[in-house]
Each structure stands twice: as structure tokens, then as C-alpha cells.
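Residue 30 in numbering that gives the first Met the number 0 sits at position 31 of the sequence shown, with consecutive numbering throughout.
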Amino acid sequence: MSLEEFENTPDPKTRRYILMRSISDFGMGLLYVGIGTVIMFARQFNFQNEFAMSWAAKIFAGLAMIYGVWRIYRGYKKDYFKKND
0 MSLEEFENTP DPKTRRYILM RSISDFGMGL LYVGIGTVIM FARQFNFQNE
50 FAMSWAAKIF AGLAMIYGVW RIYRGYKKDY FKKND
């Protein structure tokens with residue numbers, strides 16, 4: 000279901016579900032990007048944690064940021080229902 004189809008959907012229950020899910024994706028995406036940013040730049044934030052300074056933390060932070068961007072994109076796209084062509 001694209002954005003145009005969403006706006007033309009007569010069913011208010013479906014519209015509310017899509018809106019709720021889109022807001023959830025935006026919020027969680029921002030949370031993942033924020034957590035990834037804090038872990039990635041832990042040294043600049045003066046965190047004195049062994050994990051935050053390790054290479055595993057940098058990999059985790061990168062993956063969290065990529066996943067967060069994907070969640071934001073999914074919330075923007077609002078393509079939650081597959082078409083049965």
C-alpha cells in the first residue's frame with residue numbers, strides 16, 4: 000500500500016493502524032540511530048566503558064544506525080500491506 004493508496008483508503012481502522020505503525024517506525028528509528036551515535040562517539044561523550052571503546056561496539060553501533068535508518072525509511076514509505084497480484 001503506497002502513500003497515495005493510504006490517503007484514499009476509506010477504512011478508518013486501516014488508516015489508524017498505518018498511522019500508528021508509521022509513527023512507531025519513526026520513533027524507533029530515531030532511537031536506534033541515537034543509540035548507535037552515542038556508542039559510535041563514546042569517546043567524545045567521555046564514556047569510560049571498556050565495551051564502548053571496543054571494535055565490537057563500533058560494529059554494533061554501525062548496525063544499529065543502519066537498522067534505524069531502515070526503520071525511518073519504512074515509516075516514510077508506509078508500505079505495510081503486500082499486494083496480491
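Glycine included, each C-beta is placed from N, C-alpha and C at the ideal position.
These numbers come from a predicted model, not from an experiment.
Cβ-Cβ separation, residue j to residue i (assumed contact under 8 Å), whole Å
| i | j | result |
| --- | --- | --- |
| M64 | G26 | The pair is not a contact, with the Cβ atoms about 16 Å apart (cut-off 8 Å). |
| M52 | A41 | 7 Å |
Close-in-space but distant-in-sequence residues of the same chain around residue i (CB under 6 Å, 5 per side omitted)
| i | result |
| --- | --- |
| L29 | none |
| Y66 | Y31 |
| G74 | S21, D24 and F25 |
Backbone CA spacing between residue i and residue j [nearest angstrom]
| i | j | result |
| --- | --- | --- |
| K77 | R14 | 11 Å |
| P11 | L18 | 10 Å |
| Y16 | Q47 | 42 Å |
| Q43 | V37 | 9 Å |
| E49 | Y79 | 40 Å |
| W69 | A55 | 21 Å |
Closest Cα partner of residue i within the set the options
| i | options | result |
| --- | --- | --- |
| T71 | K12, Y79, S23 and P11 | Contrary to the premise, residue 71 reads as Ile rather than Thr in this sequence. That would be S23, whose Cα lies nearest to the Cα of I71. |
Cut-off 7 Å between Cβ atoms - residues of its own chain near residue i, not counting five sequence neighbours on either side
| i | result |
| --- | --- |
| K57 | M39 |
Proximal residues to residue i (C-beta, below 8 Å), its chain only, five neighbours per side dropped
| i | result |
| --- | --- |
| L62 | G35 |
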